[in-house]
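Numbering (the numbering used here), first residue to last: 2 to 96.
Here it is in structure tokens:
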């Protein structure tokens with residue numbers, strides 16, 4: 002993280018695995034960049050879940066299903082966090 006920017010410019014991402022936030026979103030990043038990041042994650046999780054629904058895993062274990070759902074949850078949580086920043090910026094501009 003560049004130290005020349007104040008920390009208040011960054012919005013923390015959700016972090017259920019840690020006590021303190023470790024990932025941040027640059028709240029002043031261009032909306033085009035935030036949107037591209039959201040789109041990349043949504044497209045990835047969509048393709049991933051499509052793949053998971055079309056394969057046959059006769060020997061799948063419970064931990065395999067947990068891994069699949071954890072990956073999807075992390076990507077969707079990233080998307081949700083970025084949408085929160087985008088919406089906040091949109092309301093600030095409109096208001």
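Glycine residues also receive a C-beta, built at the ideal position from the N, C-alpha and C atoms.
Partner residues in the beta bridge of residue 12, as assigned by DSSP, are 26. Listed in chain order, the alpha helix (DSSP H) elements of length 4 or more contained wholly in the region 16-85 are 32-55. Here the alpha carbons of residue 76 and residue 51 stand approximately 15 Å from one another.
Taking each of 93, 90 and 73 in turn and checking the Cα distance to residue 48, the smallest one comes out for 73.
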